[in-house]
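A.B. asks: Structure incoming, see below.
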Amino acid sequence: MSSAPFLPVPAKPPYPTREAAEEAYSRHVSAGHVSILNSVLGFHNIHYGKRENGRVQDVYSGRWYFDCHRGGSTFNLGHLHPELVRVAKEALDHVDAGSFSQVSGYRAMLASKLAESTGGALTGSIFGCNGGDAIEIAAHAARYFTGRHRFVAIETGSFHGHNEFGLTVSAISGAERKHYGIAENGTIFVPFNDLPAMRAALAQEDVAGVIIEPTPAQSGFPTADPDYLKGVKAACEATGTLFILDEVQTGMGSCGTMWSYESDGYTPDIIASGKGLGGGMFAISAATMREDVWRKFTGRDFAPHGSTYGGSEHACIVATRALELTLDPAFLAHVRRLAALFADGFADAPYPVSQRGLCLGLWTGDSRGASAALSAAGVLTIPSGVAPVLPFRPVLTISTDEAAEIITIVRRTLG
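The sequence shown maps to residues 33 to 447 in my numbering.
Below is the structure:
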C-alpha cells in the first residue's frame with residue numbers, strides 16, 4: 033500500500049516551543065492531561081506536525097513515530113489518506129454541514145452504504161458525532177422498541193463513551209460515575225466470555241439490550257470462545273432483548289473483515305460505529321440497526337435524535353468514501369496479511385499476546401514502562417488504564433516492510 037504524500041502544514045506551530053504549548057494547554061484545556069503524558073507515563077507529549085499514512089512527526093523535535101495507537105481506530109486508513117483528502121477538499125468547495133432538520137441525499141447515501149456493508153441485514157442508520165452518541169442512540173432505540181429500561185454490559189475493561197449513558201454502561205468509569213454523581217441506572221455487569229452469566233443476566237426483568245465490544249480494547253483485546261458472541265445473540269433472541277455491538281474500535285476493517293462479527297457466525301441487532309468512519313478527517317458516528325427496530329424508532333412525526341453536526345453533509349461524503357475504500361476486498365486481504373505478519377512476529381515473544389486482526393494486546397506486565405520504552409524507540413502507543421496490557425494497533429494501510437520494521441523495533445525494545 034502506498035503512503036500518503038506529505039501535505040503542507042502551517043510554517044510555524046501555534047506556539048514557538050513545546051513548553052509554551054503545554055503551558056497554554058495546561059492553563060486552558062487540561063493540566064492533568066499534560067501531567068499524565070509527561071510524568072505518569074514517562075514520555076513527553078508528541079505534538080503532531082506532519083502526518084504520513086502510518087507515521088506522525090513531532091513538530092518540535094522533528095522525530096517520526098510509527099502510530100501504533102491509531103487514535104483508538106480513528107486512523108484505520110492512515111493519516112491524511114490522499115483519496116480522503118481529495119474528497120474532503122472537493123466537498124468543502126460545495127457543501128457545509130447542511131441542515132439536520134431537512135432531508136439530505138448525502139446522509140441517505142452514507143446510510144445506504146452502511147446497509148450495504150452489513151449485506152443488507154441492518155438497513156437503517158441514525159447519525160451522531162462520536163461513538164458515545166452512537167451508543168446512546170442505540171440505547172434509545174432499544175428502549176423504544178422493547179419498552180424496557182435496563183442494559184447488560186461487561187464488568188471488566190468495557191468502555192462506551194463519556195456521555196452520561198455511556199458512563200453507566202462502562203466498567204472502567206466507576207470512579208467517574210461517583211465523581212459526577214451519576215446514578216448506576218440499573219446496568220447489570222457480567223464477565224466477558226461467560227455465557228452462563230450472560231444468560232442469567234438476560235433472564236432478569238426489564239432488560240432492553242446487551243451492550244458489548246466484540247473484544248474489549250481496554251482489556252487488551254482478549255479472544256472470546258468461538259461460540260460466545262453467537263451464544264449471546266441467541267440468548268438475546270430467546271428473551272426479546274436487543275444485541276448492541278460496539279464496533280467503534282473493532283469495525284471498519286480493524287479485525288480483517290468490514291465488521292468483526294462477520295467471522296463469528298451471527299448478526300447483531302444494532303452496530304455502533306464511529307472513529308474510523310470519518311476516515312480521521314471528520315467527526316461522525318452511526319447506530320445502524322435492523323429494519324423493524326429502525327422503522328419503529330423513526331416512524332414518528334419528527335426524526336429522533338436530531339443532531340446539528342451528527343451526519344453533517346461534508347462528513348457523510350468523506351465517510352461514504354472511507355466505507356468504499358474499506359469494503360474493497362483487496363484492502364481487507366491486505367489487513368489480514370498484516371495481521372498474520374504481526375502474529376508470526378510476536379509468536380515467540382516472552383510475554384503473552386492477544387490478537388483480533390490488527391487489534392493486539394501485549395501483556396508485558398508493565399504497560400506504562402513498555403509504552404515509554406517504545407516511544408523512545410519511535411513507536412507510539414497508549415497503555416491500558418485498567419489492565420497490565422499495552423493495546424497495540426498498527427495502522428491498516430502500512431506496507432509489509434513497515435510492519436516488519438515495527439515488529440523489529442518492538443522485539444528489540446521489549447524482548
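From the three backbone atoms N, C-alpha and C, an ideal C-beta is built for every residue, glycine too.
Taking buried to mean at least 16 other C-beta atoms within 10 Å of its own C-beta, is residue 336 buried or exposed?
C.D. replies: Residue 336 sits at position 304 when you count from the first residue of the sequence shown. Flag for residue 336 reads exposed.
A.B. asks: As an exercise, report each continuous alpha helix (DSSP H) stretch of at least 4 residues that is fully enclosed by the stretch 128 to 200, in chain order.
C.D. replies: Listed in chain order, the complete alpha helix (DSSP H) runs (minimum 4 residues) inside the stretch 128 to 200 are 137 to 149, 163 to 178, 196 to 200.
A.B. asks: How many angstroms separate the CA atom of residue 332 from the CA atom of residue 143?
C.D. replies: On the sequence shown, position 300 is the one that residue 332 refers to. On the sequence shown, position 111 is the one that residue 143 refers to. Residue 332 and residue 143: Cα-Cα distance of roughly 19 angstroms.
A.B. asks: Measuring only the C-alpha atoms, how far is residue 230 from residue 261?
C.D. replies: For this step, residue 230 is matched to residue 198 along the sequence shown. For this step, residue 261 is matched to residue 229 along the sequence shown. If you take the alpha carbons of residue 230 and residue 261, they lie about 10 angstroms apart.
A.B. asks: Helix, strand or coil: how does DSSP classify residue 440 here?
C.D. replies: The residue labelled residue 440 in the question sits at position 408 within the sequence shown. Residue 440: helix per DSSP, three-state reduction.
A.B. asks: To the nearest whole angstrom, what separates the beta carbons of residue 410 and residue 106, a pair I think is in contact under 8 angstroms?
C.D. replies: Locating residue 410 in the sequence shown gives position 378, where the first residue counts as 1. Locating residue 106 in the sequence shown gives position 74, where the first residue counts as 1. Actually they do not touch by this definition, with Cβ atoms about 20 angstroms apart.
A.B. asks: Whole-angstrom Cβ separation of residue 171 and residue 241, contact assumed at under 8 angstroms?
C.D. replies: Start at 1 with the first residue of the sequence shown, and residue 171 comes out as number 139. Start at 1 with the first residue of the sequence shown, and residue 241 comes out as number 209. Going by Cβ atoms, the distance from residue 171 to residue 241 rounds to 7 angstroms, so yes, they are a contact pair.
A.B. asks: Below 9 angstroms between beta carbons: does that hold for residue 110 and residue 428?
C.D. replies: Residue 110 sits at position 78 when you count from the first residue of the sequence shown. Residue 428 sits at position 396 when you count from the first residue of the sequence shown. In contact: residue 110 and residue 428 (Cβ atoms closer than 9 angstroms).
A.B. asks: Nearest to residue 204 by alpha carbon, out of 249, 217, 181?
C.D. replies: Working through the sequence shown from its first residue, we reach residue 204 at position 172. Nearest C-alpha to residue 204: 249.
A.B. asks: Taking the CB atoms as reference points, tell me whether residue 305 and residue 146 lie closer together than 9 angstroms.
C.D. replies: Numbered from its first residue, the sequence shown carries residue 305 at position 273. Numbered from its first residue, the sequence shown carries residue 146 at position 114. Cβ distance < 9 angstroms, so residue 305 and residue 146 count as in contact.
A.B. asks: Specify the secondary structure class of residue 52 as computed by DSSP and reduced to three states.
C.D. replies: Counted from its first residue, the sequence shown places residue 52 at position 20. Residue state, collapsed to three classes: helix.
A.B. asks: So, residue 371 versus residue 288, is the Cβ gap smaller than 9 angstroms?
C.D. replies: The count along the sequence shown starts at 1 and reaches residue 371 at position 339. The count along the sequence shown starts at 1 and reaches residue 288 at position 256. Yes, the Cβ-Cβ distance between residue 371 and residue 288 is below 9 angstroms.
A.B. asks: Can we say the stretch 315 to 324 touches the stretch 151 to 170, given the rule of at least three CB pairs closer than 8 angstroms?
C.D. replies: Enough Cβ pairs lie closer than 8 angstroms, so yes.
A.B. asks: Please say whether residue 383 and residue 401 have beta carbons closer to each other than 9 angstroms?
C.D. replies: Numbered from its first residue, the sequence shown carries residue 401 at position 369. Numbered from its first residue, the sequence shown carries residue 383 at position 351. No, Cβ-Cβ distance for residue 401 and residue 383 is not below 9 angstroms.
A.B. asks: Compute the distance between the beta-carbons of residue 439 and residue 377, then report whether it is under 9 angstroms.
C.D. replies: By one-based count along the sequence shown, residue 439 stands at place 407. By one-based count along the sequence shown, residue 377 stands at place 345. In this structure, residue 377 lies closer than 9 angstroms to residue 439 by Cβ.
A.B. asks: Just curious, the beta strand (DSSP E) that residue 326 is in, first and last residue?
C.D. replies: Numbered from 1 along the sequence shown, position 294 holds the residue referred to as residue 326. Per DSSP, residue 326 belongs to no beta strand (DSSP E); it is in the alpha helix (DSSP H), 323 to 330.
A.B. asks: Is the distance from the Cβ of residue 246 to the Cβ of residue 225 below 9 angstroms?
C.D. replies: Position 214 of the sequence shown, counted from the start, is the residue given in the question as residue 246. Position 193 of the sequence shown, counted from the start, is the residue given in the question as residue 225. It is not a contact, given that the beta carbons lie outside the stated cut-off.
A.B. asks: Can you tell me whether DSSP reads residue 390 as helix, strand or coil?
C.D. replies: Along the sequence shown, read from residue 1 onward, the residue named residue 390 stands at position 358. Residue state, collapsed to three classes: coil.
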